[in-house]
Each structure stands twice: as structure tokens, then as C-alpha cells.
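Position in the sequence shown (from 1) plus 89 gives the number in my numbering.
The structure under discussion appears below in the form of C-alpha cells.
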Amino acid sequence: MQAQILRQQVGESTAPAWFSVGLMAKICPSATVFAAYHRYAGPAAIEVFTYNGHEGGAEYDLPRKLGALRGVFGQ
């Protein structure tokens with residue numbers, strides 16, 4: 090049931106989204122992240138970290154995360 094609700098929400102979401110995935114992740118398998126990314130209804134970008142796990146880009150990704158927030162809040 091939860092998976093069905095999540096699929097519906099992802100398919101209806103239209104806000105800009107940014108996905109990141111660590112291909113070595115054991116907690117959230119990369120296939121689930123790619124499925125959500127491809128089903129997402131709004132504009133989306135994805136960054137793939139080949140040798141990372143659940144942490145994805147970790148601190149490497151911090152400037153990009155902060156830049157995205159600046160874009161949203163206009164600062």
C-alpha cells in the first residue's frame with residue numbers, strides 16, 4: 090500500500106526535483122531511485138555516484154544542495 094501511494098505522489102509531483110543516487114547503496118537500491126526519477130512528473134535532474142552508498146554525494150554535493158535552496162528562496 091505504501092509503495093502505491095508513493096508511486097502516485099511521485100507521478101503527480103510537479104515542483105523541480107533533484108535526485109542523487111549511490112550505486113553501491115544497500116538501503117535504497119539504485120533501481121528504486123531511478124524508477125522514482127523516471128516517473129517524476131515535474132522537472133528533475135539526477136546525479137549518479139558510481140562508488141558511493143546510501144550517502145550519495147555527501148559533502149561533495151553540499152554546494153549544489155545549497156545552490157538549489159538559494160534558487161528556491163532567492164538569496
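In this text, a Cβ means the ideal position worked out from N, Cα and C, and glycines have one as well.
Sequence-distant residues of its chain with Cβ nearer than 6 Å to residue i (five each side left out)
{"i": "F138", "result": "G111, G145, G146"}
Supposed close pair residue i, residue j - CB separation, criterion 8 Å
{"i": "H143", "j": "A114", "result": "5 Å"}
Span of the alpha helix (DSSP H) around residue i
{"i": "G156", "result": "151-162"}
{"i": "H127", "result": "119-128"}
7 Å Cβ shell around residue i - same chain, five flanking residues per side excluded
{"i": "V122", "result": "F108, V110"}
{"i": "S119", "result": "V110, L112"}
{"i": "G100", "result": "R128, A130"}
{"i": "M90", "result": "Any reading at M90 must be qualified, since the residue scores a pLDDT of 49, below 50, and its modelled position is unreliable; the value itself is stated next. So the list is empty, once near-sequence residues are dropped."}
Boundaries of the beta strand (DSSP E) in which residue i is found, first to last residue
{"i": "A133", "result": "133-138"}
Close-in-space but distant-in-sequence residues of the same chain around residue i (CB under 8 Å, 5 per side omitted)
{"i": "D150", "result": "S109, E136"}
{"i": "S102", "result": "Y129, A130, G131"}
Helix, strand or coil at residue i according to DSSP, with G and I counted as helix
{"i": "G111", "result": "strand"}
{"i": "A106", "result": "strand"}
{"i": "G100", "result": "helix"}
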